[in-house]
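7 is the number of the first residue of the sequence shown in my numbering; add one for each residue after it.
Glycine residues also receive a C-beta, built at the ideal position from the N, C-alpha and C atoms.
Beneath this line is the structure, given in structure tokens, with notes to follow.
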Amino acid sequence: MEFQKTVFALTPEQALEAERAALRARQDDVSVTAPTPLHPDGSDVSVFGPDALMGLGGARSLSHGPSYDDLPTIGHISRYALKYHLGEGGLGTVYAAHDPLLSRLVAIKTLSLELSPEAREQFNAMFLNEARAAGGLNHPHIVTVFDAGTSPQGAYIAMELLKGKDLRQLLKEGWRPTPVEAALIIRRVADALSYAHSRGVVHRDVKPANIFMVGRTQPKVLDFGIARVASTQDGSGDDDYVAGSPYYMAPEQVRHAPVDRRCDVFSLGVVFYELLTGVKPFQGSTLTEIATAVVTRTPPLAETVNRQVPPALSAIASRAMEKAPEDRYRSARLLSRELRHWLDEQAEAAQHDERQAADRRHHRKQWALGGLAAGLVVAVIGVSLGDLLAPHAPAGSLPEAKAAAGVPAVAPAQAASSVLAAASAAAELPASITLDPSETLVAGTVAVASAAVAGSAADSAAPAPEAQDRTAAAVAAASGNGQVNLAVSPWGQVEVDGVAAGTVPPLTRLTLPAGRHTITIRNQEFPPHSVTVNVTAGQPVTIRHRFGS
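What follows is the structure, encoded as structure tokens:
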């Protein structure tokens, strides 16, 4: 598939001037001086920061101050009232600004390279062309561009102001996602890139600094088109200068060869590798060394760097980073599909494990109830034998004999109740405890039989109504419950009638009293999913839900 490209011709002198201006501000695109926060009061709210806005990543820690209407206005760009300066990036300046037309706070990005008027005109045109490309993208995992235009201060882009931090800052602070979290983040970024590719836009500068996290696994891809602005330069100038981020560039970008959507697949594979292992796959002390490593070096498998990485994810990252574009996933959609398949397998495996654990609990309960029934049968037999075999002793003599023998007098109904209590206790034992029926139930039934034989004819002649009632109640309760199966991806916190019931997975099954119940599944990154079900004994109900679909 061919992608749309708009190239504005610069003279060699203009390109050299622009390149050197960017180089002075940006240096090697690896270490950038942090901008000075100018927010009124300095408490702690992370917002979409200037480095990220300018294609350099980063989030500023700003404050809960007065309302934005109360903040002083430090200037205007078009209709936007600039409220405070967020910082400087390699290609310009970023401000927090108020949009009076829509009454909202936005981020204003300006192109402010030190250029001659002629070169600035060319760069303004390219800047706005890329703003139009980004403005045509509407995806939950791509930052939203609201507006773009020109002003005496130069070209500008107005976009949403996000709260959170970019991946570069999170990794720098020591955050390490689990393999599942890493796979989920990269799958969502791949979805965003696939959507952009379908609209004819190739990012060309995918890196942690351009992946902004507004939730634990909720990414927003930033700066579509900024790398394309830089890539239109002809490369003249310092030999070590490479447009973009050399750690994450595809080999064809380093060689200045034609690129397509597969360069984004490579860069995303590099980000995935770094999330899985905590290290960059391509290293070097200079830009030239890094670029050489990208073109010639094959990094070790992620699973050998971090033993916690599943081999399947290691293989996915390696394939995405293949040197030859034809050896990679041919699209971000295929990469996303591969990760989705792996994530689904993990959810199914967790549900299978939970089903097995539930089955074990069910078998233990059935075994305990079976032991209860056997104990009651033995108790009844013991009562009958007591009637037949007990001597007709004078009243009052039997208790004395029992006391002398050291055996307490136990009524048959009390004995049956003891068996029920013992069986119930066995049914409630944790899953990690295994009972041996030969050592537990046999001893219990013998004790009941002994107590029954020792009972008096008067005590044992009557049936055991209390035991019979308890048994009937237990059977009725068991038959009155219904089962609700849960199939939720990627995960959710389950509430039944407003009461927390656990997290799915590993929870995959609920046993509820027959009747109408409201089940709510919550994932902090998505709207809650709520459903009302009628639970009937013997008729399982299944609730299926995929967040984000």
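{"Check": "Cβ-Cβ distance between Y201 and I148 below 9 Å", "Outcome": "yes"}
{"Check": "Complete alpha helix (DSSP H) runs within the stretch 255 to 324 (minimum length 4 residues, chain order)", "Outcome": "257 to 260, 268 to 283, 293 to 302, 308 to 311"}
{"Check": "Residue of A326, Q224, P264 minimising C-alpha distance to F272", "Outcome": "A326"}
{"Check": "Pair within 9 Å by beta-carbon distance, R193 and L345", "Outcome": "yes"}
{"Check": "Residue closest to R261, alpha-carbon to alpha-carbon, out of G206, P287, A330", "Outcome": "A330"}
{"Check": "Spatially closest choice to R138 from R222, L281, A161, G81, by CA coordinates", "Outcome": "A161"}
{"Check": "Cβ-Cβ distance between A500 and L513 below 9 Å", "Outcome": "The amino acid occupying residue 500 in the given sequence is Val; Ala does not appear at that position. Yes."}
{"Check": "Endpoints, the alpha helix (DSSP H) within which A189 is located", "Outcome": "185 to 204"}
{"Check": "Buried or exposed by the 16-neighbour rule on C-beta atoms within 10 Å, applied to A431", "Outcome": "A caution first: A431 carries a pLDDT of 44, below 50, which makes its placement in the model unreliable, though a value can still be read off. Exposed."}
{"Check": "Boundaries (first-last residue) of the alpha helix (DSSP H) holding M132", "Outcome": "123 to 141"}
{"Check": "DSSP beta-bridge partners of K171", "Outcome": "M219"}
{"Check": "Rounded straight-line distance, which links the Cα of Q175 to that of M219", "Outcome": "10 Å"}
{"Check": "Best match in L307, P511, V227 for proximity to L168 [C-alpha to C-alpha]", "Outcome": "V227"}
{"Check": "Given R210 as reference, the closest of P158, C269, P305 once Cα atoms are compared", "Outcome": "C269"}
{"Check": "Contact belief for Y279 with P305 at Cβ below 8 Å, rounded distance in angstroms", "Outcome": "7 Å"}
{"Check": "Assumed close pair A189, Q357 - CB separation to whole angstroms, cut-off 8 Å", "Outcome": "Actually they do not touch by this definition, with Cβ atoms about 17 Å apart."}
{"Check": "Sufficient close CB pairs (3 or more, under 8 Å) joining the stretch 305 to 322 to the stretch 283 to 295", "Outcome": "yes"}
{"Check": "8 Å contact criterion, which I217 and V277 should meet: CB distance rounded", "Outcome": "7 Å"}
{"Check": "Contacts around V502, its chain only, beta-carbon distance under 7 Å, and the 5 residues preceding and following it disregarded", "Outcome": "L516, L518, H523, I525"}
{"Check": "Cβ-Cβ separation, P214 to D172 (assumed contact under 8 Å), whole Å", "Outcome": "6 Å"}
{"Check": "Pairwise C-alpha distance: G221 and P183", "Outcome": "12 Å"}
{"Check": "Buried or exposed by the 16-neighbour rule on C-beta atoms within 10 Å, applied to H104", "Outcome": "buried"}
{"Check": "Under the three-state DSSP convention, the category G488 falls into", "Outcome": "strand"}
{"Check": "For V186 and T548, the rounded distance between their alpha carbons", "Outcome": "25 Å"}
{"Check": "Close Cβ partners of V195 (< 7 Å) along its chain, the five nearest in sequence each way excluded", "Outcome": "H147, I217, P225, V227, L274"}
{"Check": "With 16 other Cβ atoms within 10 Å as the buried cut-off, status of K115", "Outcome": "buried"}
{"Check": "Buried versus exposed call for V505 [16 or more other C-beta atoms within 10 Å across all chains shown]", "Outcome": "exposed"}
{"Check": "Local Cβ density within 10 Å of R109, reported as buried at 16 or more and exposed below that", "Outcome": "The amino acid occupying residue 109 in the given sequence is Ser; Arg does not appear at that position. With fewer than 16 Cβ atoms within 10 Å of its Cβ, S109 is classed as exposed."}
{"Check": "L88 versus A164: straight-line alpha-carbon distance, rounded", "Outcome": "11 Å"}
{"Check": "For P151, the residue or residues it bridges with in DSSP", "Outcome": "For the record, residue 151 in the displayed sequence is Val; it is not Pro. Note: V151 sits in a beta bridge opposite M165."}
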